[in-house]
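>
In the numbering used here, the protein residues as written are 231 to 476.
(1) Using only alpha-carbon positions, find the residue among 263, 440 and 269 that is nearest to residue 242.
(2) Under 8 Å Cβ to Cβ from residue 245, same chain only, skipping five residues before and after it: list those, please.
(3) Compute the Euclidean distance between the alpha carbons of residue 372 and residue 420, then round it to the nearest angstrom.
(4) Residue 382: which of 400, 426, 448 and 417 sits nearest, CA to CA?
(5) DSSP on residue 414, reduced to helix/strand/coil?
(6) Compute the Euclidean distance between the alpha carbons of residue 281 and residue 407, then round it to the nearest angstrom.
(7) Between which two residues does the alpha helix (DSSP H) containing residue 303 stretch?
(8) Starting from residue 317, follow its DSSP beta bridges and name the residues at the other end.
(9) Do the stretch 317 to 335 and the stretch 245 to 260 meet, that is, are 3 or more Cβ pairs less than 8 Å apart?
(10) Taking the continuous alpha helix (DSSP H) assigned at residue 401, which residues delimit it?
(11) Determine, using beta-carbon pairs with one atom in the stretch 408 to 418 and one in the stretch 337 to 347, whether at least three such pairs fall under 8 Å.
(12) Does the stretch 307 to 315 touch the stretch 232 to 242, meaning 3 or more C-beta pairs lie closer than 8 Å?
(13) For residue 388, count neighbouring Cβ atoms within 10 angstroms of its own Cβ and tell me buried if that reaches 16, exposed if not.
(14) Taking the alpha-carbon of residue 396 as reference, which of 405, 413, 417 and 374 has the nearest alpha-carbon?
(15) Closest by CA to residue 320, which one among 276, 348 and 250?
(16) Just to check my reading of the structure: residue 298 and residue 239 have Cβ atoms closer than 8 Å, yes? What is that Cβ distance to the nearest angstrom?
(17) In whole angstroms, give me the CA-to-CA distance for residue 210 and residue 378.
(18) With a CB to CB cut of under 6 Å and the five nearest residues on each side skipped, what residues in its chain are close to residue 253?
(19) CA-CA distance, residue 433 and residue 394?
(20) Roughly how many angstroms separate the alpha carbons of residue 265 and residue 354, rounded to a whole number?
(21) At the level of alpha carbons, what is the spacing between residue 400 and residue 444?
(22) Counting only the same chain and skipping the five closest in sequence on each side, list residues whose C-beta sits under 8 Å from that of residue 472.
(23) Could you give the DSSP three-state label for residue 433: helix, strand or coil?
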């Protein structure tokens with residue numbers, strides 16, 4: 231039976247981490263390992279975690295992507311999914327869904343659908359646009375066991391896409407048209423930067439130009455209207471909490 235590891239990277243705001251831990255704990259089938267890599271964490275908080283599948287590494291990482299690499303180094307024998315602090319699995323049978331897909335498709339990268347959330351707004355990607363560019367938020371991407379491929383810590387936001395593409399090129403991919411997780415927008419991994427723009431230009435002029443336009447829009451607009459504009463055509467947009475959506 232294939233083993234599943236959830237990696238959670240945590241920096242600040244223990245309330246975010248509590249939300250993620252509760253999401254994992256609510257699963258009908260628990261993961262074999264829930265590895266939390268934390269920049270800092272309250273010691274009293276650690277003592278409250280009583281289950282056997284959660285392990286915590288504190289104060290070892292130098293950045294978000296370095297923390298993710300620490301997680302990968304510890305989970306080479308597992309199917310891995312990143313559910314970072316604040317993000318959530320949607321359904322209490324999400325891990326059951328992952329296990330069923332692993333049983334069917336073996337050592338393929340699994341790409342589920344994902345709800346992107348900003349404040350009260352939920353962006354549900356339409357099937358036509360789902361993973362159109364071989365890129366998906368990490369809470370919906372499952373990587374098979376591997377000692378290869380780590381995040382490039384020098385290219386920041388772009389490292390997510392590069393890491394996923396490396397794994398997809400090596401293992402292949404299976405798209406599964408079901409929402410698995412909720413990814414909360416506004417963090418480091420969902421905003422364009424000068425560094426990510428520079429890297430995208432090394433891939434192609436078109437990639438760089440698109441990233442530059444996103445960066446300009448983000449500087450001009452509030453984050454709320456930036457995300458609405460970015461996701462307007464490719465998402466069903468719900469202006470209320472996910473739990474209220476039928």
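All residues carry an ideal CB built from backbone N, CA and C; glycine is no exception.
Just so we're clear, the structure is a prediction, and the values are computed from it rather than from any experiment.
This is what the structure gives:
(1) The candidate whose alpha carbon is nearest that of residue 242 is 269.
(2) Excluding the 5 residues flanking it on each side, residue 245 has no same chain C-beta neighbour closer than 8 Å.
(3) Approximately 19 Å between the Cα atoms of the pair.
(4) Nearest option by C-alpha distance: 426.
(5) Of the three classes helix, strand and coil, the one that applies to residue 414 here is strand, per DSSP.
(6) For residue 281 and residue 407, the distance between alpha carbons rounds to 31 Å.
(7) Element bounds for residue 303: 294 to 303.
(8) Residue 317 is not bridged to any residue.
(9) Verdict: yes, contact present.
(10) Residues 388 to 401.
(11) Using a C-beta cut-off of 8 Å, the stretch 408 to 418 makes contact with the stretch 337 to 347, since at least three inter-stretch Cβ pairs fall below that distance.
(12) A contact exists between the stretch 232 to 242 and the stretch 307 to 315.
(13) Residue 388 is buried by the Cβ-count criterion.
(14) Each of 405, 413, 417 and 374 was checked against the Cα of residue 396, and the nearest Cα belongs to 374.
(15) Residue 320 has its Cα closest to that of 250, out of 276, 348 and 250.
(16) Yes, residue 298 and residue 239 are in contact; Cβ-Cβ is about 6 Å, under 8 Å.
(17) Nothing can be reported for residue 210: it is not among the residues displayed for the chain, which extend from 231 to 476.
(18) These residues qualify, in order along the chain: 318 and 319.
(19) Going by the C-alpha atoms only, they are around 15 Å apart.
(20) In a straight line, the C-alpha of residue 265 is about 28 Å away from that of residue 354.
(21) Rounded to whole angstroms, residue 400 to residue 444 spans 30 Å at the Cα level.
(22) With a pLDDT of 48 at residue 472, under the threshold of 50, the modelled position of that residue is not reliable, and the figure given next carries that caveat. Answer for residue 472: 320, 345, 347, 352 and 412, listed in chain order.
(23) For residue 433, the secondary structure class from DSSP, reduced to helix, strand or coil, is helix.
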